[in-house]
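Here's the structure, in structure tokens; my notes come after.
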Amino acid sequence: MTRILADLPDEDIRWLDSVAAESGRSRAALLREAVGAFRTESTDWIERGFGLWTRHGAGRDGDDFEEAVRPDWSTLDDDADQPQP
50 MTRILADLPD EDIRWLDSVA AESGRSRAAL LREAVGAFRT ESTDWIERGF GLWTRHGAGR
110 DGDDFEEAVR PDWSTLDDDA DQPQP
């Protein structure tokens with residue numbers, strides 16, 4: 050493992066120390082975790098989305114699928130007073 054030197058604002062160091070103390074981990078462990086999470090999130094969005102419909106909706110009509118999952122969608126308070134089509 051390679052060591053690095055990184056300059057962070059004092060406010061960020063205080064926050065990092067607070068999170069480290071609360072979680073019982075070191076600064077270094079938290080930073081390694083953050084870099085790992087960042088690498089995962091920065092994966093190409095096309096690769097992450099490829100085959101999504103096949104995995105979650107294969108063989109279903111799009112309108113039927115939407116109707117099936119719609120009850121799980123939360124609605125905005127403003128929309129609750131609106132008549133539904």
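If you want the working numbering, it's the 1-based position in the sequence shown plus 49. Backbone N, C-alpha and C fix where the C-beta goes; we use that ideal spot for every residue, glycine too. These numbers were taken from a predicted model, which means no experiment stands behind them.
With the cut-off set at 7 Å, would you say residue i and residue j are in Cβ contact?
{"i": "F65", "j": "R76", "result": "Residue identity differs from the one stated: residue 65 is Leu in this sequence, not Phe. In contact: L65 and R76 (Cβ atoms closer than 7 Å)."}
{"i": "L1", "j": "A69", "result": "Outside the shown range of the chain (50 to 134) lies residue 1, about which nothing can therefore be said."}
Any beta-carbon of chain B closer than 7 Å to the one on residue i?
{"i": "F114", "result": "You won't find chain B in this structure, because it holds only one protein chain."}
Among the residues of its own chain, which have a CB less than 8 Å from the CB of residue i, if the five just before and after it don't count?
{"i": "L57", "result": "L65"}
Mind checking which residues open and close the alpha helix (DSSP H) that includes residue i?
{"i": "D66", "result": "59-72"}
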